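Enquirer: Offset between the sequence shown (1-based) and my numbering: plus 570. Structure incoming, see below.
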Amino acid sequence: MSLEDILESPHKIMKLSFPPVMLNLMEEAAKPEPDFAVLGKIISMDPALSTTILNLVNSPFYGLSQEISDLKRAAIVLGTRELLNLAVTVTFQKHICSNLTIDGYDIYEDWLITVWGAIAANLIASRICPDHADRVYLCCLLKDIGLFFLGCNAPEELPGLDRMKNLTFLYSGQIEEEEKVWGMNHGDLSQTLLNHWKVKALDCPAIKKHHDILNLDSHDPQTKAVILATRWAEMEIGGAAAPFNVLQFESLLQNSLNMCEEDLEGFRDVCRTKFKSMLATLGMSENKSETPYYEHSIKNLQASYFLSLELLTAEGGLDTISRIISRHLKLNWDISNWELALKSPHSKEFSLYRSEGDAGVSRLGSGLREEEIKWQSDTFRREIFSHRIKLGELRLERSEISENDIEDLNLYLRFVGQSYEHYSAKQFLLEDRAQTLESLPLAIATLDNKGRLKDMNDQMSRMLGGAGASGESDFKKLVEMGINSSLGSRWDVFLNSENKKAFSKIQCGRLRTGGAPKDSCLYLSAHKNMKNSDSGVTVIMEDIREVSEAQVQSLKERDFLEGLLDSMKDIVFTVDKRGNIGYASSRFSKIFLGRNLFDIASPSETFTGRWGPEVLSHGKNIIEVTLSRTESSGLPFELVISSLGEEGGDRFLIVARDLTPIRRLEDKLKKQAVFDGLTELFNHSQFNSLLHREIARSDRTGRAFGLMFFDLDGFKNVNDTEGHLAGDKILRSVGRILKEELRAGMDFPCRYGGDEFAAIVTEVRAEGLQKIAERIRLRAEKEFSGRVTVSGGLAVLRPGEKASDVLKRADTAAYKAKGKGGNKFEWS
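Next up, the structure:
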């Protein structure tokens, strides 16, 4: 039975999912005001449910001073809504625990995560959206009901089931995999099922977004509470929780709820008490094999965290790591005698260290398989894990540590596990790579994306001679100083072009690696690191000593010619008589080589004749074309075509000059002739043309036509007191208001000059023009908070009236408005 079959059958959903008590409780929970009489009737359907609820009501979960013996009294004290939430929780737990029977699956941890999340969501919501705390509790409790549902009825429909140690703990890529297989994520599935079960009042966005921690601040308070609670449960309870992540989340929670550290500690205590009471009532004892993070205070977590940070930047390999741990054990727990095994970052083998009093730390062996380690201490042992992977083990005599210190030591070792994991993946790897690079016979350097030297190995330093100690950082200049040869313009193109990922060249010059300088050739290869936004460049250089003197001279001449062509801004290439490109400037070789000129270029409209190979035989020819390089639409170029003569055979030289800057300048000049550069409205000259054109159109069609003319009250004062930049900002804002309030293509906003504006409004009568003007006046008054207002005149074209007449009437009306105190429009 597929997921689609189940979802399309309401009967199957009801039959295969949850018992009537659960569904009736969820239906009642969806009501704005639950009815206690109905609730009591539902609970009576399951005799054991009433007893469990009363046990929970009388537990430390609520801390009531008097024992409550009946549900009615519980509803009075706690409220019907709270009682209903407890009933849903108990019924939900009972059904899930008895029906989830996936082979090798243990629901224990999933249920802990679910309970902690629901309690935490209720507490968080009580702080940030108290009116919705009960609803948030239910949303968080039922957010993973889709996963539980499939686990009970169709586990084969769960993608990645083989990777799931817990159904509710999000694994990497799970959301994407669910959407690919189901067309939705498990939050959507949970909401879909609730809707099928007629619990539509629990249509809660938080159910669909409960893992969206990255966009936490963009959500409403209810969703935010569920997201925080979900993450908190995963960090505190989830088996994959890491100590750094726990502490990091505590900081996020503190900032999100605007709490001080003491308040947060109290908040955690309340959540912990309610959680443990709930588990005890439901008959689920806590697994004590490892003390949960919530049992430790924030101060203890922070203390272990700050100690373990020292391991992240340790230098000197595992010997240094063992000495750091030794110092921590001595200073914090007065432990001097111990044995420590640390897993190699490269393999499954271990190194064994021992500390004996004042003798210090000594390494007893390396490359040991775990079963080969010969321990001397065995009465107290603690394994060091990170993400369930064993990274080491500490052993000492039980007499070395007091009972009160054991939990603190255990917590410290959990932080050590994650720190050591990070050290192995980063710092140790960097040290190992550095040693490898230094031992290579190749010259290697790393540059930033501007070509500035960041680091180099000894071989590169030797090849560059004394240039490396000059203080110069530009690698191109270092090469010029060190081997008296230039990398050429191709190097600059490589650095500045996003499309260029690699650069290679045989570089000839005077190499000084000791003794007298001598002619030599180097093979230089550079590659961009595109893995992150802060891209850098890796350079490898090797001396090619077997190249003959004649080859060296030929390479030098080639480098000179390539440098000459690369220095040209134009594109240079050759074509055969059919237009096939056989050579192109090195900067463009990958773009043009092997392509046909007549396929990638099309002539401009001014070209006459047939566009094909015959144009090559016309002698020197100049043609304007659109040339497609990597741009789909192409760019304008001017081609100068010349024959290479008899020595060149049937080949032709083409020099292509990019016309884009010229066309861009032409477009800019055209725009400046029409539009005002500051406000992007039509300018004064264009206003007069538009006015005459629209008056002629109005006379011809008989359609109404209106003119609005206004200037800005208080604008001069802004210029005088706040400066011209502030004045320009106001003028741009007025331009924006006009464009937003007028109809594009029908009305024409213009800047007449200075702080004077005009608007030609077509197909409008007096009442319509009045409304438009009033909207503009109110927008300006609000935009500038009354500092600057609008005073203007309005005029509607009269039969036979000229442009100068209607403009004069509107201008006169504007002066009239100004004379009446401004911030108004007057009619002519």
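The beta-carbon is built from N, C-alpha and C at its ideal position, and this holds for glycine as well. Remember, predicted model here, so these are calculated numbers, not experimental data.
(1) Going by the DSSP bridge assignment, what does Ser1095 pair with across the sheet?
(2) By a C-beta neighbour count over all protein chains shown, 10 Å radius and 16 as the cutoff for buried, is Cys830 buried or exposed?
(3) Please tell me whether Val1142 and Val1225 are closer than 7 Å, where the distance is taken between their beta carbons.
(4) Could you check whether the stretch 1262 to 1277 touches the stretch 1385 to 1393, counting it as contact only if at least three pairs of C-beta atoms, one from each stretch, sit closer than 8 Å?
(5) Under the criterion of a Cβ to heavy atom distance below 6 Å, does Thr851 qualify as lining the ligand MG?
(6) At the level of alpha carbons, what is the spacing between Glu597 and Glu835?
(7) Buried or exposed: where does Met615 fall if 16 or more other Cβ atoms within 10 Å of its Cβ makes it buried?
(8) State the DSSP-derived secondary structure class of Glu919, mapped to helix, strand or coil.
(9) Reducing DSSP to helix, strand and coil, say where Ile1161 ends up.
(10) Pick from Met1030, Ala1314, Ser1043 and Val1145: whose alpha carbon is nearest that of Asp1169?
(11) Could I get the ranges of all uninterrupted beta strand (DSSP E) runs contained in the stretch 871 to 933, with 3 residues as the minimum, in chain order?
(12) Let's test the definition: count the other Cβ atoms within 10 Å of the Cβ of Lys585 and tell me whether it reaches 16, buried, or not, exposed.
(13) What are the boundary residues of the beta strand (DSSP E) that Val1331 is part of?
(14) Looking at the structure shown, is Val1358 part of a helix, part of a strand, or coil, going by DSSP?
(15) Taking the DSSP output, what are the residues bridged to Val1225?
(16) Would you kindly work out how many angstroms separate the C-alpha atoms of Asn723 and Lys664, rounded to a whole number?
(17) Which residues in the same chain as Leu961 place their Cβ atom closer than 8 Å to its Cβ, once the five residues preceding and following it in sequence are excluded?
(18) By a C-beta neighbour count over all protein chains shown, 10 Å radius and 16 as the cutoff for buried, is Arg838 buried or exposed?
(19) With H, G and I counted as helix, E and B as strand and the rest as coil, what does DSSP make of Glu963?
(20) State the Cα-Cα distance for the pair Ala1343 and Leu1248, rounded to the nearest angstrom.
(21) Please go through the same chain and pick out, in chain order, the residues whose beta-carbon is closer than 7 Å to the beta-carbon of Gly716, but skip the five residues on each side of it.
(22) Less than 7 Å between the beta carbons of Val796 and Ala688, yes or no?
(23) If Leu740 sits next to His781, beta carbons under 8 Å apart, how far is it from one beta carbon to the other, in whole angstroms?
(24) Considering only the beta carbon of each residue, do Leu1205 and Thr1230 sit closer than 7 Å?
(25) Looking at C-alpha atoms only, which residue of Leu901, Asp773 and Leu712 is the closest neighbour of Thr661?
(26) Whose CA, out of Trp908, Asp928 and Ala929, lies closest to the CA of Gly922?
(27) Taking DSSP as the reference, what is the three-state secondary structure of Ala1274?
(28) Examine the Cβ distances between the stretch 1043 to 1051 and the stretch 1019 to 1028 and report whether three or more of them are shorter than 8 Å.
(29) Tell me the start and end of each unbroken alpha helix (DSSP H) in the stretch 1273 to 1326 that is at least 4 residues and wholly inside, in chain order.
(30) Tell me, to the nearest whole angstrom, how far the beta carbon of Ser1095 is from that of Ser1067; I am working on the premise that it is less than 8 Å.
(31) By Cβ distance, which residues of its chain are closer than 8 Å to Ile891, with the 5 residues on each side in sequence left out?
(32) On the three-state DSSP scale, how would you describe Thr1230?
(33) In this structure, how does DSSP classify Phe1257 when only helix, strand and coil are distinguished?
(34) Check each candidate in Leu823, Tyr707, Gly1305 and Asn628 and name the one with the smallest Cα separation from Ile777.
(35) When you compare the CB positions of Ala695 and Leu595, do they come within less than 7 Å of one another, or not?
(36) Can you tell me the Cα-Cα spacing of Ser1228 and His957, whole angstroms?
Expert: According to the structure shown:
(1) Among the bridge pairs identified by DSSP, Ser1095 is matched with Ser1074 and Ile1110.
(2) Around the beta-carbon of Cys830, fewer than 16 other beta-carbon atoms lie within 10 Å, marking it exposed.
(3) Their beta carbons are under 7 Å apart, which means Val1142 touches Val1225 by this criterion.
(4) Contact annotation: the stretch 1262 to 1277 does not touch the stretch 1385 to 1393, with fewer than three C-beta pairs closer than 8 Å.
(5) No copy of the ligand MG occurs in the structure displayed, which carries no ligand at all.
(6) Glu597 and Glu835 have their C-alpha atoms roughly 36 Å apart.
(7) Under this definition Met615 is an exposed residue.
(8) Glu919: coil per DSSP, three-state reduction.
(9) It is helical.
(10) Among Met1030, Ala1314, Ser1043 and Val1145, the Cα nearest to that of Asp1169 is on Val1145.
(11) The stretch 871 to 933 contains these whole beta strand (DSSP E) runs: 908 to 913 and 920 to 925.
(12) Caution applies to Lys585, whose pLDDT of 47 falls short of 50 and renders its modelled position unreliable; the model cannot decide the point.
(13) Taken as a continuous stretch (DSSP letters only), the beta strand (DSSP E) holding Val1331 covers Glu1326 to Thr1332.
(14) In the three-state DSSP reduction, Val1358 falls in the coil class, being neither helix nor strand.
(15) Per DSSP, Val1142 and Val1210.
(16) Those two C-alpha atoms are separated by around 16 Å.
(17) Setting aside the 5 residues that flank it on each side, Leu961 is surrounded in the same chain by Leu912, Lys913, Ile954, Phe955, Gly987, Tyr990, Glu991 and Ser994, each with a C-beta closer than 8 Å to its C-beta; the list follows chain order.
(18) By the 10 Å Cβ count, Arg838 comes out buried.
(19) Secondary structure of Glu963 (DSSP, three-state): strand.
(20) Roughly 22 Å between the two C-alpha positions.
(21) Once the five neighbours on either side are set aside, the close Cβ partners of Gly716 are His756, Leu759, Ser760 and Leu763.
(22) Ala688 sits away from Val796, with the two beta carbons spaced by 7 Å or more.
(23) Here Leu740 really is in contact with His781; their C-beta atoms are around 5 Å apart, less than 8 Å.
(24) Using a Cβ distance threshold of 7 Å, Leu1205 and Thr1230 count as a contacting pair.
(25) Residue Leu712 is the option with its Cα nearest to Thr661.
(26) For clarity, residue 922 is Leu in the given sequence; the question names Gly instead. If we check each option's Cα against that of Leu922, Trp908 comes out closest.
(27) Judged by DSSP in its simplified three-state form, Ala1274 adopts coil rather than helix or strand.
(28) Yes: the two stretches touch, three or more of their Cβ pairs being nearer than 8 Å.
(29) You should have 1285 to 1292 and 1294 to 1311.
(30) Contact flag wrong, Cβ pair sits at about 17 Å.
(31) Contacts found: Leu881, Ala884, Leu912, Tyr990 and Tyr993.
(32) In the displayed model, Thr1230 falls within a helix according to three-state DSSP.
(33) Correct three-state label for Phe1257: helix.
(34) Closest option to Ile777, Cα to Cα, is Tyr707.
(35) No, Cβ-Cβ distance for Ala695 and Leu595 is not below 7 Å.
(36) Note on identity: in this sequence residue 1228 is Asp, with Ser being the wrong assignment. About 58 Å.
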